[in-house]
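Have a look at the structure below, then the notes.
2 protein chains.
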Amino acid sequence: MSTLFEKHQDTLKSALNAIQTRDYWSPYSENPSPRAYGETANADGEAAFKAHLNGAFFLDMPGIVGEAGAEVSPYGIDLNVKYPLVDLDVLLPEMESARQAWRDQGADGRAAVCLEILERLNKRSFEIAYAVMHTSGQGFMMAFQAGGPHAQDRGLEAVAYGYSAMTHTPGAATWTKPQGKHDPLVLEKKFTTVGRGIGLVIGCSTFPTWNTYPGMFADLITGNPVIVKPHPAAILPAAISVQIAQDVLKEHGLPPHIVSLVIDEDAAKPGTAELAKRDEIKLIDFTGNTAFGDWLEQNCTQAQVYTEKAGVNTIVIDSTDDYKGMLRNLAFTLSLYSGQMCTTPQDIFVPKGGIETDAGHKSFDEVAADLGMAITKFLSDPERAAMVLGAIQADATAARVDGSNTLGTVVRESDVVEHPHFPNARMRSPLLMSIDAADEATYMQELFGPISFVVKADDTNHAIELARRAVKSHGAITMGCYSSSDAVLDQIEDAALDAGVALSCNLTGGIFVNQSAAYSDFHATGANPAANACLSDLAYVANRFRVVQSRRHPKG
Amino acid sequence: MSTLFEKHQDTLKSALNAIQTRDYWSPYSENPSPRAYGETANADGEAAFKAHLNGAFFLDMPGIVGEAGAEVSPYGIDLNVKYPLVDLDVLLPEMESARQAWRDQGADGRAAVCLEILERLNKRSFEIAYAVMHTSGQGFMMAFQAGGPHAQDRGLEAVAYGYSAMTHTPGAATWTKPQGKHDPLVLEKKFTTVGRGIGLVIGCSTFPTWNTYPGMFADLITGNPVIVKPHPAAILPAAISVQIAQDVLKEHGLPPHIVSLVIDEDAAKPGTAELAKRDEIKLIDFTGNTAFGDWLEQNCTQAQVYTEKAGVNTIVIDSTDDYKGMLRNLAFTLSLYSGQMCTTPQDIFVPKGGIETDAGHKSFDEVAADLGMAITKFLSDPERAAMVLGAIQADATAARVDGSNTLGTVVRESDVVEHPHFPNARMRSPLLMSIDAADEATYMQELFGPISFVVKADDTNHAIELARRAVKSHGAITMGCYSSSDAVLDQIEDAALDAGVALSCNLTGGIFVNQSAAYSDFHATGANPAANACLSDLAYVANRFRVVQSRRHPKG
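Residue numbers (our numbering), protein chains in the order written: chain B, 167 to 722; chain H, 167 to 722.
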């Protein structure tokens, strides 16, 4: 194993440095270019993706008893991939038995295997991108970046945090206690990190790798075999990832089922709750709806539970000295993946008296109308619109968009967009409405999908208080603000700190409030109801392992 | 605040170094000598302790509505101290409001205040020692060491871990992402650590400071106001500690109720469960019985819960090359504080065929009888016996000892010991019985107090398997073993690792299995049912705070 560690140790060292400096860094190119990934990478990846369709997907697990799977691409293609079904009463004991071999690799050995898995995931980024695209509905570029290198970054980040936490304690120490004139008391001590048990990572349909890798690699690096339980609508990207992990484990003489995939026989009757309650499951990572996340937190007390749930993300607009830049930035933010990101703003608070800008005073209605027009203008190129919007992952989301235009005063109607290459793609452009601040019941519920409100606040103070309340009561992963006043920025920063949400100020260029960079930006905080954890910090990894010590007097 | 940080930063730095090297270190002398603490320290401390008796204890908290308290010393003295009772509906909102001022101190400011509190606790070690002695029943030397400097060490250890975890993330960073030929994207980022809410530390009657300081200081350093809820039989040591903390907070312009004390109006109707369930309580530390610890874990899902519960500690004897040293060591171990330590061994597994020793082969019965005689010999000096045994904290424990001598074959009967200075002290010497391995139902339940079994195993393998099973099924904080074979030691080490319990091998000198040294030994592991956490590691602190970030483009 030491050769493999040597191969990857510079990358690990750089990742460890990055999470402490929090400057930009990544070992995985986010550019899907031939120069970065090879001349034939795109074609090979697409072919590999297509080769999975209409076939049986192989995974190496004990207890296989059947097959299932019924994914349909939001772009209108029937994937028809069948994945193995396992008997948990066979699989779980075998995974528990495999824990010792995984423990005995030590932190370095596990890090080496994790980094090798990540390198191979990176090499197969195109294949995974197509799988992410045709399950989540993301446009290709986003599927490549968020599903490939950025997801790998979040995986490596978790590895770095786990490694950092484990190596905080040395493997061995000599303890020498002076005894005055007598010989000192001396003990030799050994410290071994051991995993907690079996981890369970419950994936979501919109980010099947980005939201799965952190938990998966956090469990692995800290010594826990892990079950990936993908969303029934987005199995393929997870299955490819598990297969790659199993290949690496086998090649290094380890049981492949240290990483396993569990799916439901019938997606309509999911067994996730039952699995999550099993006593062997000691760690649970979940991304999805608030109701099930809360249920896991309250009922799976045998496990440490990490959840990312729903929220209401907000923007406060007080003023700006780059009105056009602000509108452009928000238009992209609201359009990206048709608002299906857990980081997309839903409520944009604007004072009823309007705002001061570099282009003069803008009334509340002007701000709302200009934002609507900026979205329409941004989406006027069909190729760009298709690439940025992607498809709507779930029927329910499309139905929600279609049925929401009576919730406020429509500023910009949502269109059923036609995809230039996939005639059956399920697409919707953003719906933008204005609404009065008093109508909290409407805009302070999460309306997942491309649905946003420009909310008429009394003034900036009122806007800030509403945003703070939205976060505290309903949770949020992002908060944005625009102001040309330092005093107002400080005031908003204080509200964000109090509410426990990440704040982005005056984004008018190539950074967007819904994007976060691994190793530098924390995704979610764990300090408000949207999530009880964060990707990634020490809290995300430190409870996934224990230190067991042994002490004896030195031989002598 | 920076002056205070400067005063303590060398101590903090040394503590940070100690938790990573895990060599011996302590800033607090464990020697209750005039040289270390001053010529009049003992007399002053005893006088200060006595001044608390038969009086009203002052604490500075909003919402005081009455007083209560009915402690009786296990040495037979009625303490008659009255402590303030508070209205939680007044106290908790005020504590929550105080959280912002505490947050704004930053990691350095909070560390400075914590270290100042610890330094003052240290200066008052004698006063606290008498308070610990006359509530827990510990002998004076142990009350001084475990209740004073060793408890302070565990508090400082938690401060060091919290500080280390918080400073893992920088306070600010510049993120610069290259954009090829274009200007890089640049963001200035701020990272602020914020506490989770209000912490609750539920103390126990046997170690009212040692088991309280870790949670109290872990909460404080990470930004959380903290309620200390002492055991009704051992309030005074906690109250003195809270008062000292409040003094330091006030002197530094902070709300004193950042550290508060809550007790029950009627000890027979404790309100701990109700308090622990309150939504404001986000962190709970508990030391005590398994039933209530399990209840907290399963019901207080609004909080992060850290528990230390009951267990069955074991010793495996395979062989020894220092028979007398082993017996002496175990005799002290079983006598210390009359077996009322959570680390005291209960089951000593010995092969039925006996063991090989430097004094020749010893049969099972000889080992048991020799251990019984070693205890009797060790306790033959009444002054030493009183100092080491201390008093029995609770009536229930004394009754358990008195009623347990039919559980096995008595090897050494427990005596009602007379204290040379406190005629009304409730004392018992260790009860030692032998028992067959088959009688698991008897010896694999925790029998808190000076009750131990020498268990007749088939052979060493069997002894190891029984010890492993005891830990896995019932939990344990310590495991000890004696063997002159390296292969057997390795085998036991593997079992301890698998069961997740700290192992001590071949202790025959001045180190005892039931003692652990802060900064070097982890107390409990969190990996078996005896505890879900450990004193202290990163897992113990990392979930007590969150990092909230803010980002904006640099001014240009």
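Ideal placement from N, C-alpha and C gives every residue a C-beta, glycine not left out.
>> Nearest by alpha-carbon distance to B/M599: which of B/R265, B/E532, B/A653 is it?
In response: Indexing the first sequence from 1 puts residue 599 of chain B at position 433. The shortest C-alpha separation from B/M599 is found at B/E532.
> Just the Cα atoms here: how many angstroms apart are H/T378 and H/E584?
Replying inline: Within the second sequence, numbered from 1, the residue matching residue 378 of chain H stands at position 212. Within the second sequence, numbered from 1, the residue matching residue 584 of chain H stands at position 418. Taking the straight line joining both Cα atoms gives about 31 Å.
> What residues in its chain sit with their C-beta under 7 Å from that of H/A683, if we drop five residues either side in the sequence?
Replying inline: Mapped onto the second sequence, residue 683 of chain H falls at position 517. Counting only Cβ-Cβ distances below 7 Å, and skipping sequence neighbours, we find Y190.
> If you draw a straight line from the alpha carbon of B/D118 to that of B/M593, how long is it in whole angstroms?
Replying inline: Residue coverage of chain B in this structure runs from 167 to 722, which leaves residue 118 of chain B outside it and unanswerable.
> Using 8 Å as the Cβ pair cut-off and three pairs as the minimum, do the region 684 to 702 of chain H and the region 312 to 326 of chain H touch?
Replying inline: yes
> So which of B/D625, B/S426, B/G419, B/D568 has the shortest CA-CA distance to B/I514?
Replying inline: Position 348 of the first sequence, counted from the start, is the residue given in the question as residue 514 of chain B. Looking at the Cα atoms, B/D625 is the closest of the given residues.
> Do you know how far the Cα of H/C671 is from the Cα of H/S618?
Replying inline: Your numbering for residue 618 of chain H matches position 452 in the second sequence. Your numbering for residue 671 of chain H matches position 505 in the second sequence. So the alpha carbons of these two residues sit roughly 19 Å apart.
> For H/P422, which residues of its own chain have a beta-carbon under 7 Å away from its beta-carbon, when the five flanking residues on both sides are left out?
Replying inline: Locating residue 422 of chain H in the second sequence gives position 256, counting from the first residue. If we look at H/P422 and ignore the five residues flanking it on each side, its Cβ neighbours are D226, Q412, L415, K416.
>> Using a 10 Å radius around the Cβ and a threshold of 16 neighbouring Cβ atoms, would you call H/A434 buried or exposed?
In response: Position 268 of the second sequence, counted from the start, is the residue given in the question as residue 434 of chain H. When all chains shown are included, H/A434 counts as exposed.
>> On the CB-based measure, 16 or more other CB atoms within 10 Å of its CB, does B/S168 come out buried or exposed?
In response: Locating residue 168 of chain B in the first sequence gives position 2, where the first residue counts as 1. The residue in question, B/S168, is exposed, as its Cβ has fewer than 16 Cβ neighbours within 10 Å.
> Closest Cβ-Cβ distance between B/L500 and chain H: below 9 Å?
Replying inline: Sequence index remark: in the first sequence, residue 500 of chain B carries index 334 (1-based). No, B/L500 lies away from the interface with chain H (no Cβ there is under 9 Å from its Cβ).
>> Can you pull the chain H neighbours of B/A683, defined as C-beta to C-beta under 8 Å?
In response: On the first sequence, residue 683 of chain B is found 517 positions in, with the first residue counted as 1. Per Cβ cutoff of 8 Å: W341, K343.
> Quick one: does the C-beta of B/L353 sit closer than 8 Å to a heavy atom of the ligand MN?
Replying inline: For the ligand MN, the structure offers nothing, since it holds no ligand at all.
> H/G526 versus chain B: which residues are under 7 Å apart at the beta carbon?
Replying inline: The residue labelled residue 526 of chain H in the question sits at position 360 within the second sequence. Chain B residues near H/G526: none, gap ~23 Å exceeds 7 Å.
> Between H/F357 and chain B, is there a C-beta pair that is closer than 9 Å?
Replying inline: Stepping through the second sequence from its first residue, residue 357 of chain H is reached at position 191. So, interface residue.
> Do the region 427 to 442 of chain B and the region 461 to 476 of chain B touch if we need at least three Cβ pairs shorter than 8 Å?
Replying inline: Under the 8 Å Cβ criterion, the region 427 to 442 of chain B counts as touching the region 461 to 476 of chain B, having at least three qualifying pairs.
>> Given a cut-off of 9 Å on the beta-carbon distance, is the pair H/A384 and H/Y327 in contact?
In response: Within the second sequence, residue 384 of chain H is the residue found at index 218, counting from 1. Within the second sequence, residue 327 of chain H is the residue found at index 161, counting from 1. One thing to note: H/A384 has its Cβ within 9 Å of the Cβ of H/Y327.
>> For a contact defined as C-beta to C-beta under 8 Å, what are the partners of B/D189 on chain H?
In response: If you number the first sequence from 1, residue 189 of chain B lands on position 23. Near B/D189 (Cβ distances below 8 Å), the residues of chain H are A339, T340, W341, T342.
> Could you give the uninterrupted runs of the beta strand (DSSP E) lying entirely in the region 542 to 590 of chain H, keeping only those of 3 residues or more?
Replying inline: 575 to 578
>> Distance check for B/G556 and B/Q611, CA to CA, integer angstroms please.
In response: Your numbering for residue 611 of chain B matches position 445 in the first sequence. Your numbering for residue 556 of chain B matches position 390 in the first sequence. Distance between the alpha carbons of B/Q611 and B/G556: 24 Å.
> Can you tell which of H/A339, H/A184, H/S330, H/E260 has the C-alpha that lies nearest to the C-alpha of B/A184?
Replying inline: Counted from its first residue, the first sequence places residue 184 of chain B at position 18. B/A184 has its Cα closest to that of H/A339, out of H/A339, H/A184, H/S330, H/E260.
> Of all the alpha helix (DSSP H) runs that stay within the bounds of the region 385 to 453 of chain B, which reach a length of 4 or more residues?
Replying inline: 402 to 417, 438 to 443
> Can you name the start and end residues of the alpha helix (DSSP H) that B/N627 belongs to?
Replying inline: Position 461 of the first sequence, counting from 1, holds the residue named residue 627 of chain B. Element bounds for B/N627: 626 to 640.
> If we ignore side chains and look at the alpha-carbon of each, how far apart do H/P723 and H/S263 end up?
Replying inline: It is not possible to answer for residue 723 of chain H, since the shown part of chain H is limited to 167 through 722.
> Can you give the beta carbon distance from H/F530 to H/V516, rounded, assuming they're within the 8 Å contact cut?
Replying inline: Counted from its first residue, the second sequence places residue 530 of chain H at position 364. Counted from its first residue, the second sequence places residue 516 of chain H at position 350. The Cβ separation is near 5 Å, so the contact holds.
>> For H/G574, tell me which candidate among H/W341, H/T342, H/D602, H/I401 has the shortest Cα-Cα distance.
In response: The count along the second sequence starts at 1 and reaches residue 574 of chain H at position 408. For H/G574, the nearest C-alpha among the options comes from H/D602.
> At a CB-CB cut-off below 7 Å, which residues of chain B make contact with H/F688?
Replying inline: In the second sequence, the residue the question calls residue 688 of chain H occupies position 522. Correct list: V713, Q715.
> Are the beta-carbon atoms belonging to H/G538 and H/H640 less than 9 Å from one another?
Replying inline: Counted from its first residue, the second sequence places residue 538 of chain H at position 372. Counted from its first residue, the second sequence places residue 640 of chain H at position 474. Against a cut-off of 9 Å, the Cβ pair of H/H640 and H/G538 comes out as no contact.
>> I'd like the list of long-range same chain contacts for B/E196, defined as Cβ closer than 6 Å, with 5 residues on each side in sequence excluded.
In response: Walking along the first sequence from the start, residue 196 of chain B turns up at place 30. So the qualifying residues of the chain are Q311, P315.
>> Comparing C-alpha positions only, which one of H/P511, H/T438, H/T359, H/A629 sits nearest to H/F458?
In response: Mapped onto the second sequence, residue 458 of chain H falls at position 292. In terms of Cα proximity to H/F458, the closest of H/P511, H/T438, H/T359, H/A629 is H/T438.
>> Can you check whether the C-beta of B/L573 is within less than 9 Å of a C-beta belonging to chain H?
In response: Within the first sequence, the letter at position 407 stands for residue 573 of chain B. Not one chain H Cβ lies under 9 Å of B/L573.
>> Rounding to the nearest angstrom, what Cα-Cα distance links H/A661 and H/Y609 in this structure?
In response: Here residue 661 of chain H refers to the residue found at position 495 when the second sequence is read from its first residue. Here residue 609 of chain H refers to the residue found at position 443 when the second sequence is read from its first residue. Their Cα atoms are separated by approximately 19 Å.
> Which residues of chain D have a Cβ atom closer than 9 Å to the Cβ of H/R634, listed in chain order?
Replying inline: The structure shown contains no chain D; its protein chains are B and H.
> Which term fits H/A734, buried or exposed, when burial requires 16 or more other beta carbons within 10 angstroms of its beta carbon?
Replying inline: Because chain H in this structure spans residues 167 to 722, residue 734 of chain H falls outside the shown range and cannot be described.
>> Count Cβ pairs between the region 263 to 279 of chain H and the region 169 to 183 of chain H that sit closer than 8 Å; are there 3 or more?
In response: yes
> Where B/V482 and B/D253 are concerned, what is the direct C-alpha to C-alpha distance, given to the nearest angstrom?
Replying inline: Residue mapping note: residue 482 of chain B aligns to position 316 of the first sequence, counting from 1. Residue mapping note: residue 253 of chain B aligns to position 87 of the first sequence, counting from 1. Answer to the nearest angstrom: the Cα atoms are 51 Å apart.
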